[in-house]
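A.B. asks: Before I ask anything, let me first share the structure, which is written out below as structure tokens.
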Amino acid sequence: MRPEDLITRSPTAEAVARETQQLPTPPDEAQEALRQTLEAAARPPTPAPWPALLQEARGKMDSRYAEPATSHRGGFTGTALVLAKRAFRLTFQPFINEVLRKQVEFNESILDALATLHDVQREQARAQAAWRKELERRLAKLEATGTRTEPVKTEQQVPTPAASSKRTRKRGR
């Protein structure tokens, strides 16, 4: 289908509106079902805490700050190393912050994107569950009314190529 097939000048919007006004009013049950479906779809997503799988990464997002300086060595050597590490960190912290600033921004962006994807996936799962519930309700209603569907043709019921008016095209030739 081409775009010009979709945008037409006839029928006009007024003619379509007149025709839709002549349609019969749907039953109350159908109106209520549609109203509930639209309300469920229009409901804003509920704010949720950070997903558990992102909690640990969120805690490590800011790589500018290291854990407290420690040393496995005991005695005077261990104490001297811890003091040297603290002095180094205190002296060079502004430079460390500047060097890692872009990394921290990147980490924040990635975590925000992952949280957004998680929220979208959760909302899609909620909508799919509502859709499945609606389909099951419709199926139960159809089964209750005894409506039969046309049986699906199996391979034995499919007409043979000789009986078909169309010629089949052989692949690879």
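Quick note on numbering: the sequence shown equals residues 1 to 173 in UniProt numbering.
For glycine and all other residues, C-beta sits at the position ideal for the given N, C-alpha and C.
Straight-line CA distance for A84 to R122?
C.D. replies: The straight-line gap from Cα to Cα measures roughly 49 angstroms.
A.B. asks: Output the distance between the C-alpha atoms of L111 and A130, rounded to the nearest integer angstrom.
C.D. replies: In a straight line, the C-alpha of L111 is about 29 angstroms away from that of A130.
A.B. asks: What does a CB cutoff of less than 6 angstroms around A40 pick up in its chain, not counting 5 residues either side in sequence?
C.D. replies: Cβ within range, chain order: A130.
A.B. asks: Measuring only the C-alpha atoms, how far is T77 from A113?
C.D. replies: One C-alpha to the other measures close to 45 angstroms.
A.B. asks: In chain order, what residues of the same chain lie with their CB nearer than 8 angstroms to the CB of S63, ignoring the 5 residues before and after it?
C.D. replies: If we look at S63 and ignore the five residues flanking it on each side, its Cβ neighbours are L100, Q103, V104, N107.
A.B. asks: Leaving out the 5 sequence neighbours to the left and right, which residues in its chain are closer than 7 angstroms to W50 when beta-carbon positions are compared?
C.D. replies: Hits under 7 angstroms: R58, A115.
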